[in-house]
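According to my numbering, the residues represented by the sequence shown are 1 to 380, in order.
In this text, a Cβ means the ideal position worked out from N, Cα and C, and glycines have one as well.
The structure appears below as structure tokens.
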Amino acid sequence: MAYFDNNATTPIGQNALQVYKSALANDWSNPSSPYRSASRVRAKLECAREELALDLGVNKEELIFTSGATEANNSIFAHVASNGKKGGRCILSPFEHPSIIEPARHWFQDRLAYMPADASGRVDLDETEQLLNTENISLVSLMAANNETGVIQPWNELAELCSEKGIFFHCDATQWIGKLDSSVFSTCTSFSASAHKFSGPKGLGWLVSKEPIQLQLGGQQEKGSRGGTENYPAIASMLVALKDANMELAEFSKRVEWRDQFEQNIINTIPGTIVLGKKNPRLWNTSMILLPEFDNLSWIGKLDKRGISVSTGSACSVGDVLNSSLVSSMGLSLKEAGRLVRISSYSEEKESDWQSLDLAFSHVFQELKEEASRSSIISL
Ligand code: PMP
Numbered sequence: 001m002a003y004f005d006n007n008a009t010t011p012i013g014q015n016a017l018q019v020y021k022s023a024l025a026n027d028w029s030n031p032s033s034p035y036r037s038a039s040r041v042r043a044k045l046e047c048a049r050e051e052l053a054l055d056l057g058v059n060k061e062e063l064i065f066t067s068g069a070t071e072a073n074n075s076i077f078a079h080v081a082s083n084g085k086k087g088g089r090c091i092l093s094p095f096e097h098p099s100i101i102e103p104a105r106h107w108f109q110d111r112l113a114y115m116p117a118d119a120s121g122r123v124d125l126d127e128t129e130q131l132l133n134t135e136n137i138s139l140v141s142l143m144a145a146n147n148e149t150g151v152i153q154p155w156n157e158l159a160e161l162c163s164e165k166g167i168f169f170h171c172d173a174t175q176w177i178g179k180l181d182s183s184v185f186s187t188c189t190s191f192s193a194s195a196h197k198f199s200g201p202k203g204l205g206w207l208v209s210k211e212p213i214q215l216q217l218g219g220q221q222e223k224g225s226r227g228g229t230e231n232y233p234a235i236a237s238m239l240v241a242l243k244d245a246n247m248e249l250a251e252f253s254k255r256v257e258w259r260d261q262f263e264q265n266i267i268n269t270i271p272g273t274i275v276l277g278k279k280n281p282r283l284w285n286t287s288m289i290l291l292p293e294f295d296n297l298s299w300i301g302k303l304d305k306r307g308i309s310v311s312t313g314s315a316c317s318v319g320d321v322l323n324s325s326l327v328s329s330m331g332l333s334l335k336e337a338g339r340l341v342r343i344s345s346y347s348e349e350k351e352s353d354w355q356s357l358d359l360a361f362s363h364v365f366q367e368l369k370e371e372a373s374r375s376s377i378i379s380l
């Protein structure tokens with residue numbers, strides 16, 4: 001079995017699982033209850049917040065635990081649209097995750113503009129700077145690294161420009177955290193992340209916001225900004241997962257060679273294969289390839305039978321090619337979009353897994369060609 005869909009989700013890490021199980025068994029009291037077992041959980045929860053804030057280089061008062069990045073991203077758009085400048089506009093990249101694009105459309109409607117981007121999936125900073133000089137901008141949002149191509153965006157430069165101009169800048173850091181240095185986001189007004197992308201538990205993430213923000217009414221948790229009983233076991237587990245990931249960052253970055261070797265091999269064995277965003281800086285774990293023949297579901301089905309899991313792209317937009325922001329912004333035709341396959345590793349995958357993946361692609365290519373030639377004979 002080889003799992004190469006880690007940008008969709010990662011398996012939980014061993015240490016994170018142990019901590020999760022132990023906290024579920026022992027630290028299950030409601031942190032808001034008025035007796036000692038509950039106070040102990042409250043104290044542990046606040047300790048976890050402090051440690052995470054320290055690791056992220058932010059103030060603990062700015063850190064709010066959420067159910068994941070989707071909630072964190074949604075809440076920023078609702079917040080700025082309701083509290084920002086009247087009639088203010090929003091600017092975002094054309095290939096943001098749906099949890100950014102959809103709230104942006106909902107709250108800003110015709111006051112929404114997209115950053116110019118090149119065909120290899122990176123925002124053009126100079127042209128975006130021109131956009132920033134226009135009137136009345138309430139919110140700028142740019143992801144740190146793209147979930148489909150892995151292309152790293154110029155979010156830091158843009159965060160600094162926005163800060164100079166006093167514009168609210170949000171960064172969806174979901175695919176970055178746990179793969180690259182997570183302590184570099186203090187230039188952003190707000191940023192979001194999700195535990196299950198770095199071997200933490202599902203249904204947990206965070207929002208860091210320099211502006212006070214109201215996410216959910218109905219309780220005094222998270223200093224009144226997000227009502228609802230806190231999930232301490234998942235928080236403890238997430239913290240361990242991030243610490244484990246941060247210790248491996250130097251080792252992770254070397255694995256770019258395994259990915260690059262795979263890409264070189266597949267270009268050689270399946271001529272005409274294109275790697276999306278290849279000329280840009282990319283996450284070390286991600287490869288989005290455009291295959292020259294056969295639809296991606298045929299490739300994925302056959303690879304699956306060989307014990308290899310890969311994906312067509314963002315799990316959230318599988319089967320929704322027409323609405324894929326990546327496809328339109330990179331100028332791909334619908335036919336090409338139907339030949340895209342995303343491969344994403346994380347901490348578990350070894351060099352030999354990348355090598356067997358490469359071999360599996362060439363076997364599947366042979367199978368698909370044979371099937372295609374058989375069916376053309378039958379149709380004669
Ligand atoms: N943003 C990006 C870039 C993502 O890849 C994802 C996960 N597909 C999300 C946001 C949503 O994260 P969550 O599953 O925690 O809601």
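Taking 8 Å as the cut-off, does the CB of residue i come closer than this to any heavy atom belonging to the ligand PMP?
{"i": "E371", "result": "no"}
{"i": "S143", "result": "One point to set straight first is that residue 143 is Met, not Ser, in the sequence displayed. Yes, since a heavy atom of the ligand PMP falls inside the 8 Å radius drawn around the Cβ of M143."}
{"i": "S194", "result": "yes"}
{"i": "G68", "result": "yes"}
{"i": "D172", "result": "yes"}
{"i": "A78", "result": "no"}
{"i": "Q153", "result": "no"}
{"i": "S99", "result": "yes"}
{"i": "A8", "result": "yes"}
{"i": "Q216", "result": "no"}
{"i": "N231", "result": "no"}
{"i": "K197", "result": "yes"}
{"i": "N147", "result": "yes"}
{"i": "G150", "result": "no"}
{"i": "G205", "result": "yes"}
{"i": "E50", "result": "no"}
{"i": "N73", "result": "yes"}
{"i": "Q175", "result": "yes"}
Considering only C-alpha positions, which residue in the set the options is nearest to residue i?
{"i": "P116", "options": "S328, R342, H196, S333", "result": "S328"}
{"i": "D304", "options": "V341, I289, L291, G331", "result": "V341"}
{"i": "K179", "options": "R89, V151, H106, S356", "result": "V151"}
{"i": "R111", "options": "C90, A241, W284", "result": "C90"}
{"i": "E211", "options": "E102, S225, N6, G205", "result": "S225"}
{"i": "L290", "options": "D244, A337, Q264", "result": "A337"}
{"i": "P281", "options": "G13, S163, W176", "result": "W176"}
{"i": "T66", "options": "S352, G205, L332, N285", "result": "G205"}
{"i": "D165", "options": "S138, A69, T286, G57", "result": "One point to set straight first is that residue 165 is Lys, not Asp, in the sequence displayed. Answer by Cα proximity: S138."}
{"i": "L334", "options": "D295, T229, C162, I100", "result": "D295"}
{"i": "K369", "options": "S344, P292, K350, Y346", "result": "P292"}
{"i": "L390", "options": "L161, G219, I267", "result": "Because the chain spans 1 through 380 in this model, residue 390 falls outside it and cannot be assessed."}
{"i": "E348", "options": "N285, G301, E230", "result": "N285"}
{"i": "S344", "options": "N146, V140, E62", "result": "N146"}
{"i": "C47", "options": "L297, E251, I235", "result": "I235"}
{"i": "N272", "options": "G227, R339, L215", "result": "As written in the sequence, residue 272 is Gly, which differs from the Asn given in the question. Among G227, R339, L215, the Cα nearest to that of G272 belongs to R339."}
{"i": "A144", "options": "D181, K86, E129", "result": "D181"}
{"i": "V208", "options": "G331, A193, Q221", "result": "A193"}
{"i": "I100", "options": "F169, K202, G218", "result": "F169"}
{"i": "R105", "options": "A81, G219, T128, G218", "result": "A81"}
{"i": "S346", "options": "K254, I267, T312", "result": "At residue 346 the sequence reads Tyr, which differs from the Ser that was named. It is K254 whose Cα lies nearest to the Cα of Y346."}
{"i": "F108", "options": "G84, S32, E127", "result": "G84"}
Please name the residue or residues paired with residue i in a DSSP beta bridge.
{"i": "L63", "result": "V208"}
{"i": "F95", "result": "For F95, which the question treats as bridged, DSSP gives no partner whatsoever."}
{"i": "T194", "result": "For the record, residue 194 in the displayed sequence is Ser; it is not Thr. The partner list for S194 (beta bridge, DSSP) reads G205."}
{"i": "S309", "result": "Y3"}
{"i": "L340", "result": "L290"}
{"i": "A145", "result": "I152"}
{"i": "A117", "result": "V123"}
{"i": "V275", "result": "I289"}
{"i": "F391", "result": "Any property of residue 391 remains undetermined from this structure, which presents the chain solely from 1 to 380."}
{"i": "Q216", "result": "R226"}
{"i": "L112", "result": "C90"}
{"i": "I177", "result": "L180"}
{"i": "R282", "result": "V151"}
If residue i sits next to residue j, beta carbons under 8 Å apart, how far is it from one beta carbon to the other, in whole angstroms?
{"i": "D27", "j": "P233", "result": "6 Å"}
{"i": "A195", "j": "F185", "result": "About 16 Å separates the two Cβ atoms, so there is no contact after all."}
{"i": "W354", "j": "Q261", "result": "7 Å"}
{"i": "R55", "j": "S183", "result": "Strictly speaking, residue 55 in this sequence is Asp, with Arg absent from that position. Correct: roughly 6 Å between the Cβ atoms."}
{"i": "S287", "j": "A2", "result": "S287 to A2, Cβ: 14 Å. No contact."}
{"i": "E96", "j": "S141", "result": "7 Å"}
Contact between the segment 108–123 and the segment 266–277: three or more CB pairs below 8 Å? The segment 266–277 and the segment 108–123 touch, with three or more beta-carbon pairs separated by less than 8 Å.
Segment contact, 8 Å Cβ cut-off, at least three pairs: the segment 186–193 with the segment 59–78: Three or more Cβ pairs drawn from the segment 186–193 and the segment 59–78 lie within less than 8 Å of each other, which places the two stretches in contact.
Cβ pair count under 8 Å reaching 3, the segment 145–163 against the segment 347–362: The segment 145–163 makes no contact with the segment 347–362; the number of CB pairs closer than 8 Å stays below 3.
How do the segment 227–244 and the segment 8–18 stand: do at least 3 beta-carbon pairs fall below 8 Å, yes or no? Using a Cβ-Cβ distance cut-off of 8 Å, the segment 227–244 and the segment 8–18 are in contact, since at least three pairs of beta carbons, one from each stretch, lie closer than that value.
Okay, do the segment 133–146 and the segment 88–103 touch, 3+ Cβ pairs below 8 Å being the bar? Flag = yes, the segment 133–146 and the segment 88–103 touch.
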